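Peer 1: Chains as they are written, first to last, in the numbering used here: chain A, 14 to 216; chain B, 537 to 941.
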Amino acid sequence: MAEESAQLRHARSRGPRSNWVPLGIAAAVVAVLTGGWTLLNAGLPRTEDLAAGQSITLGSGQGYEASMSFDDGWELNTGSSTQGARYVFSKGPVNLRVSVVTPPVRATATELWEGMRDIVRVGDATAALGEPEPITSEAGAEGLTGDLHLRQNIGTAAVFLSPGGDFAVETQAFSSDATPTEVADAEKLVRTIRFSRSSGGTP
Amino acid sequence: MSHARPEPDVPPTASGQIPTPREDGQGRQGPGEREAPGATGQDSEGTELPPSAQPQPGPEPEPGPPRTQPLPSLVAAVVFGVLCLGGLGYTLLNFTGAIRVFTAEAVASVLMLAVVGVIGFWILRRIRPVRPPNLAFSLLALVWGMTGAVGLALYANTQLGSAWSRAGGLEFGSLWGAALTAPINEELLKVTGVVLIAVIAPRAVRGPVDGFVAGSLVGLGFQLVEDLTYALNMISMQGATAGMVSVVQSFFARVVLTGLGSHWAMSAVAGTAIGLLAATAWRPGTRRAVGALLLLLLAMGLHWLFDAPLLQSLLGILVKVLAVFVSALAVYLAVRHAYRGRVRRALAEEGEELGIRRSSAVALASRHGRRGELSRVAHPERPAVRARQEQMVAAAEERASEYRG
Numbered sequence: 014m015a016e017e018s019a020q021l022r023h024a025r026s027r028g029p030r031s032n033w034v035p036l037g038i039a040a041a042v043v044a045v046l047t048g049g050w051t052l053l054n055a056g057l058p059r060t061e062d063l064a065a066g067q068s069i070t071l072g073s074g075q076g077y078e079a080s081m082s083f084d085d086g087w088e089l090n091t092g093s094s095t096q097g098a099r100y101v102f103s104k105g106p107v108n109l110r111v112s113v114v115t116p117p118v119r120a121t122a123t124e125l126w127e128g129m130r131d132i133v134r135v136g137d138a139t140a141a142l143g144e145p146e147p148i149t150s151e152a153g154a155e156g157l158t159g160d161l162h163l164r165q166n167i168g169t170a171a172v173f174l175s176p177g178g179d180f181a182v183e184t185q186a187f188s189s190d191a192t193p194t195e196v197a198d199a200e201k202l203v204r205t206i207r208f209s210r211s212s213g214g215t216p
Numbered sequence: 537m538s539h540a541r542p543e544p545d546v547p548p549t550a551s552g553q554i555p556t557p558r559e560d561g562q563g564r565q566g567p568g569e570r571e572a573p574g575a576t577g578q579d580s581e582g583t584e585l586p587p588s589a590q591p592q593p594g595p596e597p598e599p600g601p602p603r604t605q606p607l608p609s610l611v612a613a614v615v616f617g618v619l620c621l622g623g624l625g626y627t628l629l630n631f632t633g634a635i636r637v638f639t640a641e642a643v644a645s646v647l648m649l650a651v652v653g654v655i656g657f658w659i660l661r662r663i664r665p666v667r668p669p670n671l672a673f674s675l676l677a678l679v680w681g682m683t684g685a686v687g688l689a690l691y692a693n694t695q696l697g698s699a700w701s702r703a704g705g706l707e708f709g710s711l712w713g714a715a716l717t718a719p720i721n722e723e724l725l726k727v728t729g730v731v732l733i734a735v736i737a738p739r740a741v742r743g744p745v746d747g748f749v750a751g752s753l754v755g756l757g758f759q760l761v762e763d764l765t766y767a768l769n770m771i772s773m774q775g776a777t778a779g780m781v782s783v784v785q786s787f788f789a790r791v792v793l794t795g796l797g798s799h800w801a802m803s804a805v806a807g808t809a810i811g812l813l814a815a816t817a818w819r820p821g822t823r824r825a826v827g828a829l830l831l832l833l834l835a836m837g838l839h840w841l842f843d844a845p846l847l848q849s850l851l852g853i854l855v856k857v858l859a860v861f862v863s864a865l866a867v868y869l870a871v872r873h874a875y876r877g878r879v880r881r882a883l884a885e886e887g888e889e890l891g892i893r894r895s896s897a898v899a900l901a902s903r904h905g906r907r908g909e910l911s912r913v914a915h916p917e918r919p920a921v922r923a924r925q926e927q928m929v930a931a932a933e934e935r936a937s938e939y940r941g
């Protein structure tokens with residue numbers, strides 16, 4: 014028995030490898046996965062130009078899909094966007110965040126506006142929404158709009174509930190140093206939101 | 537009367553010396569750890585080994601399990617601490633706002649996940665054959681998953697996920713980004729914690745079984761924090777109109793529906809690979825190195841399957857969960873079988889040396905067997921017998937880790 018077990022034991026002619034080796038590999042892995050991907054991401058184009066007249070499907074629910082149509086000069090920040098859920102558009106100094114939200118239980122536009130009051134505060138504790146007013150898009154979608162206060166800046170926010178009531182589009186336009194014309198461009202873009210009948214679900 | 541009683545009938549070693557109790561081998565040893573048993577023809581206490589137990593020349597020898605090297609161990613501990621703090625800081629930076637705004641929902645989520653965490657921690661420590669792993673290093677594995685791994689993965693995923701969308705377009709990035717990002721970043725970052733623990737305390741990760749358990753605990757910690765972040769994100773994604781409903785829905789999806797085949801299982805498979813390498817002091821033979829690589833790739837492949845935009849129906853999701861769970865179970869059963877076999881052999885040897893009946897010695901390999909042996913002893917003797925059992929099992933595990941796997 015003892016002889017048999019002795020044969021099973023390790024002979025150590027080469028000896029153990031220094032623990033610096035696995036430690037070095039672990040450090041290298043962390044460096045590559047953090048620093049390496051950062052460099053790779055930074056080396057890729059940040060935005061994608063959107064052609065004038067181009068329409069983007071933002072999201073869809075039961076029976077309806079939401080879309081937006083762009084005029085000249087808008088760009089899509091591809092790295093910060095997720096199809097069907099969240100988009101970041103920019104034109105000059107103006108940023109427009111668009112979120113497609115799916116309430117877990119049926120909600121009214123007013124309830125969604127109150128929810129958005131909380132959502133904007135997640136990213137910035139000073140952010141606040143003003144009192145909402147009704148808004149109707151060019152295609153007839155009805156929603157609410159109001160001021161968005163971010164530190165020294167004022168932007169606009171809006172929410173449009175889909176006719177099916179199972180999802181909504183929320184927008185927040187803001188800029189640190191935009192001209193009134195540029196802010197007006199963002200508001201104009203928001204008014205292009207359209208709900209069309211569709212046969213599919215969320216993409 | 538039990539044959540696992542404290543006093544042996546015959547001199548316990550070939551040299552006639554009574555062995556001093558071996559230290560618990562579960563990673564309690566710090567810097568300045570002893571030289572590998574057998575390396576100098578002595579056992580770990582410096583006792584002269586019988587010729588039959590001394591190293592035998594043979595083909596392609598593999599080094600034994602690693603021993604603590606003070607400086608790498610110290611540096612690894614510092615790296616571990618810094619990365620945990622960094623990961624925690626980055627996670628808080630990203631989620632402090634959500635926790636501040638949705639405080640009640642965050643507390644509810646933490647409470648629900650805490651229950652899962654306690655149960656999971658108990659189960660995953662309990663599944664280690666023979667004895668549970670050292671508590672301190674189990675907690676370190678959990679903490680790595682909850683802080684270092686999850687924070688670093690959060691950052692790395694943002695970068696690589698963004699890169700996929702920038703390089704392949706929004707549609708490609710949205711559809712395949714998660715499947716092409718998480719398996720690489722998350723599996724490697726989780727298993728990095730097992731490597732660091734193995735360097736800090738080599739005796740905490742002496743082989744595949746320890747790697748499996750450490751990996752599963754890292755995965756559990758990762759899963760808990762990720763589940764919390766998903767719950768907070770879901771509140772915003774659902775318009776923040778019914779936060780508690782969002783939290784419950786998230787909990788159902790992430791724990792009830794998919795929890796069985798999630799991070800703990802994938803990391804357990806990847807951790808087994810690290811255990812395979814650590815068992816040979818990071819100098820594996822070709823077969824073992826290939827085995828470790830395949831296990832790591834299996835873990836990444838399972839993660840890919842889990843995140844891929846395939847089989848997205850409820851049935852499909854259940855199939856994915858089952859595939860991950862069954863794979864982890866198969867790996868577990870294989871390493872458990874091999875490890876228990878080695879421990880039994882070691883116990884049989886010890887029994888022979890101590891004059892204990894083979895069946896009684898081998899029975900000590902399981903908790904049930906130890907209880908059974910204890911039950912045959914009179915109550916007053918039990919504490920001493922229990923202590924003796926612990927010593928024998930610790931020594932057997934030490935021996936078992938020196939066997940070729």
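By construction, the Cβ of each residue, glycine as well, lies at the ideal position given by its N, Cα and C atoms.
Given the structure is predicted, the values throughout are model-derived calculations rather than measurements.
Look at the Cβ atom of B/A864, then the Cβ atom of B/V805, and state whether they are nearer than 8 Å.
Peer 2: Within the second sequence, the letter at position 328 stands for residue 864 of chain B. Within the second sequence, the letter at position 269 stands for residue 805 of chain B. Cβ atoms of B/A864 and B/V805: closer than 8 Å.
Peer 1: Taking only the alpha-carbon atoms, compute the straight-line gap between B/A572 and B/A817 and give it to the nearest angstrom.
Peer 2: Taking the second sequence and counting its residues from 1, one reaches residue 572 of chain B at position 36. Taking the second sequence and counting its residues from 1, one reaches residue 817 of chain B at position 281. Summary for B/A572: the model assigns pLDDT 35, below 50, so the residue's position carries little reliability; its value from the coordinates is reported in the next sentence. Their Cα atoms are separated by approximately 10 Å.
Peer 1: Classify A/T91 as helix, strand or coil using the three-state DSSP reduction.
Peer 2: The count along the first sequence starts at 1 and reaches residue 91 of chain A at position 78. Note: A/T91 maps to helix in three-state DSSP.
Peer 1: Please identify, using Cβ separations under 9 Å, the residues of the segment 606-622 of chain B that lie next to chain A, in order along the chain.
Peer 2: Cβ contacts with chain A come from L607, P608, S609, V611, A612, V615 and L619.
Peer 1: Name the chain B residues that come within less than 7 Å of A/Q96, Cβ to Cβ?
Peer 2: Here residue 96 of chain A refers to the residue found at position 83 when the first sequence is read from its first residue. Those are L706, E707 and S710, listed as they occur along chain B.
Peer 1: Considering just the uninterrupted stretch of the alpha helix (DSSP H) at B/N630, what are its terminal residues?
Peer 2: Numbered from its first residue, the second sequence carries residue 630 of chain B at position 94. Residues P606 to V637.
Peer 1: How many Å lie between B/V929 and B/A901 at the Cα?
Peer 2: Residue 929 of chain B sits at position 393 when you count from the first residue of the second sequence. Residue 901 of chain B sits at position 365 when you count from the first residue of the second sequence. If you take the alpha carbons of B/V929 and B/A901, they lie about 7 Å apart.
Peer 1: How would you write the range of the alpha helix (DSSP H) that B/S752 sits in, first residue to last?
Peer 2: On the second sequence, residue 752 of chain B is found 216 positions in, with the first residue counted as 1. First-last of the alpha helix (DSSP H) with B/S752: P744 to M773.
Peer 1: Listing by chain order, which chain A residues have their CB less than 8 Å from the CB of B/T777?
Peer 2: Within the second sequence, the letter at position 241 stands for residue 777 of chain B. Simply P116, P117, V118, A120, E124, L125, E127 and G128.
Peer 1: In chain order, which alpha helix (DSSP H) runs of at least 4 residues are fully inside the segment 23-70 of chain A?
Peer 2: You should have 33-44 and 50-55.
Peer 1: List the residues of chain A whose Cβ lies closer than 7 Å to the Cβ of B/N721, in chain order.
Peer 2: As a first step, residue 721 of chain B must be located in the second sequence, where it is residue number 185. In chain order: L46.
Peer 1: Just to check my reading of the structure: B/R664 and B/V745 have Cβ atoms closer than 8 Å, yes? What is that Cβ distance to the nearest angstrom?
Peer 2: Working through the second sequence from its first residue, we reach residue 664 of chain B at position 128. Working through the second sequence from its first residue, we reach residue 745 of chain B at position 209. Indeed, because the Cβ distance is near 6 Å, the residues count as touching under 8 Å.
Peer 1: With a threshold of 8 Å between beta-carbons, can B/W480 be considered close to chain A, or not?
Peer 2: Residue 480 of chain B is absent from the model: chain B starts at 537 and stops at 941.
Peer 1: Find the nearest neighbour of B/G807 within the set B/Y868, B/A642 and B/R893, judged by alpha-carbon distance.
Peer 2: Position 271 of the second sequence, counted from the first residue, corresponds to residue 807 of chain B. Closest by alpha carbon: B/Y868.
Peer 1: Label A/P147 either buried or exposed according to how many other C-beta atoms from any shown protein chain fall within 10 Å of its C-beta, with 16 as the threshold for buried.
Peer 2: Here the question's residue 147 of chain A lines up with position 134 in the first sequence. It counts as exposed.
Peer 1: Helix, strand or coil for B/Q695 per DSSP?
Peer 2: Here residue 695 of chain B refers to the residue found at position 159 of the second sequence. Note: B/Q695 maps to helix in three-state DSSP.
Peer 1: I need the DSSP call for B/A874, collapsed to helix, strand or coil.
Peer 2: Taking the second sequence and counting its residues from 1, one reaches residue 874 of chain B at position 338. B/A874 falls in the helix class under three-state DSSP.
Peer 1: Give the single residue among B/A932, B/A914 and B/A920 whose Cα lies nearest to the Cα of B/A897.
Peer 2: Along the second sequence, one-based indexing puts residue 897 of chain B at 361. Comparing Cα-Cα distances from B/A897 to each of B/A932, B/A914 and B/A920, the minimum goes to B/A932.
Peer 1: Using a Cβ-Cβ cut-off of 7 Å (strictly less than) and excluding sequence neighbours within five positions of B/T765, which residues of its own chain qualify?
Peer 2: As a position in the second sequence, residue 765 of chain B is number 229, starting the count at 1. These residues qualify, in order along the chain: F631.
Peer 1: Rounded C-beta distance between A/P116 and B/Q774? I'm assuming under 8 Å.
Peer 2: Taking the first residue of the first sequence as position 1, residue 116 of chain A is located at position 103. Taking the first residue of the second sequence as position 1, residue 774 of chain B is located at position 238. Rounded, the Cβ-Cβ distance is 6 Å, consistent with contact.
Peer 1: Determine, using beta carbons only, whether A/P147 comes closer than 8 Å to chain B.
Peer 2: Against the first sequence, residue 147 of chain A aligns to sequence position 134. A/P147 does not count as touching chain B.
Peer 1: Candidates A/S112, A/T60 and A/A186: which alpha carbon is nearest A/L71's?
Peer 2: The count along the first sequence starts at 1 and reaches residue 71 of chain A at position 58. Residue A/S112 is the option with its Cα nearest to A/L71.
Peer 1: Under 7 Å between beta-carbons, which chain B residues line up against A/I132? List them in chain order, please.
Peer 2: The residue labelled residue 132 of chain A in the question sits at position 119 within the first sequence. Correct list: S772 and A776.
Peer 1: Could you have a look at A/F102 and say whether DSSP puts it in helix, strand or coil?
Peer 2: Taking the first sequence and counting its residues from 1, the one referred to as residue 102 of chain A is at position 89. The answer is strand: DSSP assigns A/F102 an E or B state.
Peer 1: Terminal residues of the continuous beta strand (DSSP E) containing B/Q848?
Peer 2: To locate residue 848 of chain B, count along the second sequence from 1; it is residue 312. Looking at the DSSP string, B/Q848 is not in any beta strand (DSSP E), and its letter there is neither H nor E.
Peer 1: For A/A170 and A/L109, I'd like the C-alpha separation in whole angstroms.
Peer 2: As a working mapping, residue 170 of chain A is identified with position 157 in the first sequence. As a working mapping, residue 109 of chain A is identified with position 96 in the first sequence. Distance between the alpha carbons of A/A170 and A/L109 is about 9 Å.
Peer 1: For B/S701, collect the residues of the same chain with a Cβ closer than 8 Å to its Cβ; drop the 5 residues on either side in sequence, then sort them by chain order.
Peer 2: Translated into positions along the second sequence, residue 701 of chain B becomes position 165. Answer for B/S701: F708, G709, S710 and G713, listed in chain order.
Peer 1: Are the CB atoms of B/T627 and B/G687 nearer to each other than 8 Å?
Peer 2: The residue labelled residue 627 of chain B in the question sits at position 91 within the second sequence. The residue labelled residue 687 of chain B in the question sits at position 151 within the second sequence. Yes. Within cutoff.
Peer 1: If we ignore side chains and look at the alpha-carbon of each, how far apart do B/V791 and A/S93 end up?
Peer 2: In the second sequence, residue 791 of chain B corresponds to position 255, counting from 1. In the first sequence, residue 93 of chain A corresponds to position 80, counting from 1. If you take the alpha carbons of B/V791 and A/S93, they lie about 28 Å apart.
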